[in-house]
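Note that the protein sequences, when read in sequence, are chains Y and V.
Heads up, the first sequence is in my numbering, so the first residue is 1 and it goes up one at a time.
Heads up, the second sequence is in my numbering, so the first residue is 1 and it goes up one at a time.
Beta carbons: idealized from backbone N, C-alpha and C, even for Gly.
Values in this document were obtained by computation on a predicted structure and should not be read as measured data.
Here is the structure we will look at, set down as structure tokens.
There are 2 protein chains.
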Amino acid sequence: MKNALTFLQDHGIQPTAQRVAIAEAVLDNTTHPTAEEILVDAQKRCAIVSRATVYNALKLFVEKGMLRTQIIREGTVVYDPNTQNHHHFIDEESGTIIDIPWDWLKVQGKQNLEEYDIHEYQVILRGRKKR
Amino acid sequence: MKNALTFLQDHGIQPTAQRVAIAEAVLDNTTHPTAEEILVDAQKRCAIVSRATVYNALKLFVEKGMLRTQIIREGTVVYDPNTQNHHHFIDEESGTIIDIPWDWLKVQGKQNLEEYDIHEYQVILRGRKKR
DNA sequence: CACGAAATTAGAATTAATCTAAATCTTGAC
DNA sequence: GTCAAGATTTAGATTAATTCTAATTTCGTG
């Protein structure tokens with residue numbers, strides 16, 4: 001369990017009651033929540049938090065490298081506390097987004113892309129999770 | 001240059017003046033346009049086309065397998081007339097989305113995903129195009 | 001404690017997309 | 001050819017995600 005207060009400080013972010021609540025709502029959350037979901041969760045954590053503050057804080061957290069956004073769901077941005085390289089699997093039945101460890105997959109053939117300066121990449125997989 | 005009328009018929013779609021204009025606007029378009037961009041283009045092609053009709057027609061075209069949607073751009077769906085498997089490169093400077101041929105890249109290690117039933121996947125790359 | 005900067009806020013504004021219900025075409029049966 | 005049934009189109013209302021605005025509150029420092 002990450003300590004939200006320490007985490008904010010480590011990223012050079014002035015901690016406030018609202019930011020701590022928002023950080024707590026997102027830092028250990030592996031479900032790839034939307035801003036709206038984070039708002040609901042943060043409001044449960046005692047602080048008075050407005051929608052605008054959630055959007056402001058998430059934008060700041062991303063700028064400071066504490067979180068990343070992922071463009072994976074139609075119509076809405078999701079937030080990802082996993083800032084390491086990784087891939088994503090999307091369950092087509094439930095919409096659940098699951099992290100896939102970076103070293104599970106290898107992408108070969110990037111020498112074909114010499115016209116491109118690649119900053120980052122990931123594999124996006126869609127299907128169903130077995131059980 | 002694909003013939004829009006024939007293309008509609010081949011996909012079991014009743015052709016109308018509006019649908020032909022919309023199909024022409026999207027079928028040879030490799031820029032991954034949004035519905036709004038397709039509306040503007042279709043309206044130039046002489047037919048009277050409303051926004052609702054563009055959304056209706058694009059939804060139908062996707063259902064019939066004539067187009068695919070891609071979730072690549074923040075906040076909006078883009079349409080892709082390339083229904084073959086392929087990857088995407090996104091130029092971070094301009095936002096331009098470029099198709100990368102399927103066989104330029106190989107993804108290895110899918111045996112690590114035996115818990116998952118994979119229907120499709122693609123590599124999404126971000127960076128800058130050199131010139 | 002006072003002051004200026006930073007943070008928060010409610011609500012308005014914007015944008016993409018969907019919905020609604022009425023108007024307008026087609027098409028096939030006769 | 002005529003007409004009803006069904007398909008298509010439409011303007012505008014609605015919804016949802018996000019950003020903006022401008023006023024208020026809180027904070028850190030001297």
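**Request:** Out of 126/Y, 116/Y, 32/Y and 54/Y, point me to the one whose CA is closest to residue 21/Y's CA.
**Result:** Position 21 of the first sequence, counting from 1, holds the residue named residue 21/Y. Out of 126/Y, 116/Y, 32/Y and 54/Y, 54/Y has the C-alpha closest to the C-alpha of residue 21/Y.
**Request:** Name, please, each residue of chain V whose Cβ falls closer than 9 Å to the Cβ of residue 85/Y.
**Result:** Counting from one through the first sequence, the residue named residue 85/Y turns up at place 85. Result: empty, since nearest Cβ-Cβ is about 12 Å, beyond 9 Å.
**Asked** Residues bridged to residue 117/V by DSSP?
**Response** By one-based count along the second sequence, residue 117/V stands at place 117. For residue 117/V, which the question treats as bridged, DSSP gives the partners 128/Y.
**Asked** Comparing alpha-carbon positions, which option in 128/Y, 130/Y and 121/Y lies nearest residue 84/Y?
**Response** Taking the first sequence and counting its residues from 1, one reaches residue 84/Y at position 84. Of the candidates 128/Y, 130/Y and 121/Y, the one whose C-alpha sits nearest the C-alpha of residue 84/Y is 121/Y.
**Asked** Considering only the beta carbon of each residue, do residue 123/Y and residue 123/V sit closer than 7 Å?
**Response** In the first sequence, the residue the question calls residue 123/Y occupies position 123. In the second sequence, the residue the question calls residue 123/V occupies position 123. Yes, Cβ-Cβ distance for residue 123/Y and residue 123/V is below 7 Å.
**Request:** Buried or exposed for residue 24/V, please, with buried defined as at least 16 other CB atoms from any protein chain shown within 10 angstroms of its CB.
**Result:** Residue mapping note: residue 24/V aligns to position 24 of the second sequence, counting from 1. Buried, since its Cβ has 16 or more Cβ neighbours within 10 Å.
**Asked** When the Cα atoms are used, what is the spatial distance from residue 69/Y to residue 33/Y?
**Response** Translated into the one-based positions of the first sequence, residue 69/Y becomes position 69. Translated into the one-based positions of the first sequence, residue 33/Y becomes position 33. So the alpha carbons of these two residues sit roughly 10 Å apart.
**Request:** Could you tell me how far apart the beta carbons of residue 27/Y and residue 81/Y are, in whole angstroms, since I believe they sit closer than 8 Å?
**Result:** As a position in the first sequence, residue 27/Y is number 27, starting the count at 1. As a position in the first sequence, residue 81/Y is number 81, starting the count at 1. Confirmed, about 5 Å.
**Nearest-angstrom Cα separation, counted from residue 104/Y out to residue 61/Y** = Numbered from its first residue, the first sequence carries residue 61/Y at position 61. Numbered from its first residue, the first sequence carries residue 104/Y at position 104. Straight across, the Cα-Cα distance linking residue 61/Y with residue 104/Y is about 28 Å.
**Asked** Does DSSP put residue 13/Y in a helix, in a strand, or in coil?
**Response** As a working mapping, residue 13/Y is identified with position 13 in the first sequence. Coil.
**Message:** To be precise: take each residue of the region 40-72 of chain V, compare its Cβ to all Cβ atoms of chain Y, and keep it if any distance is under 9 Å. Which residues remain?
**Reply:** Those would be 69, 71 and 72, in chain order.
**Prompt:** Within the 7 Å Cβ cut-off, does residue 82/Y reach chain V?
**Reply:** Within the first sequence, numbered from 1, the residue matching residue 82/Y stands at position 82. Taking Cβ atoms only, chain V never reaches closer than 7 Å to residue 82/Y, which makes this a no.
**Where residue 6/V falls: helix, strand or coil (DSSP)** = As a first step, residue 6/V must be located in the second sequence, where it is residue number 6. It is helical.
**Prompt:** Going straight from the alpha carbon of residue 37/Y to that of residue 48/V, what length do you get?
**Reply:** Within the first sequence, numbered from 1, the residue matching residue 37/Y stands at position 37. Within the second sequence, numbered from 1, the residue matching residue 48/V stands at position 48. Roughly 41 Å separates the two Cα atoms.
**Message:** Using a Cβ-Cβ cutoff of 7 Å, what residues of the region 16-33 of chain V are near chain Y? List them in chain order.
**Reply:** Residues: none.
**Prompt:** What do you reckon, are the CB atoms on residue 93/V and residue 126/V nearer than 7 Å?
**Reply:** Residue numbering aside, residue 93/V sits at position 93 when the second sequence is read from its first letter. Residue numbering aside, residue 126/V sits at position 126 when the second sequence is read from its first letter. The answer is no: Cβ separation not under 7 Å.
**Prompt:** Mapping DSSP to helix, strand and coil, what is residue 97/Y?
**Reply:** As a working mapping, residue 97/Y is identified with position 97 in the first sequence. Strand at residue 97/Y.
**Prompt:** For the beta strand (DSSP E) that residue 68/Y lies in, which residues bound it at each end?
**Reply:** One-based indexing of the first sequence puts residue 68/Y at position 68. Element bounds for residue 68/Y: 68-73.
**Request:** For residue 19/V, count neighbouring Cβ atoms within 10 angstroms of its own Cβ and tell me buried if that reaches 16, exposed if not.
**Result:** Position 19 of the second sequence, counted from the start, is the residue given in the question as residue 19/V. It is buried - the Cβ of residue 19/V has at least 16 other Cβ atoms within 10 Å.
**Message:** Please report the straight-line C-alpha distance between residue 98/V and residue 71/Y, rounded to a whole angstrom.
**Reply:** Taking the second sequence and counting its residues from 1, the one referred to as residue 98/V is at position 98. Taking the first sequence and counting its residues from 1, the one referred to as residue 71/Y is at position 71. Taking the straight line joining both Cα atoms gives about 16 Å.
**Request:** Alpha carbon to alpha carbon, how far is residue 14/V from residue 16/Y? Give it in angstroms, no decimals.
**Result:** For the purposes of this step, residue 16/Y is taken as the residue at position 16 of the first sequence. For the purposes of this step, residue 14/V is taken as the residue at position 14 of the second sequence. Going by the C-alpha atoms only, they are around 59 Å apart.
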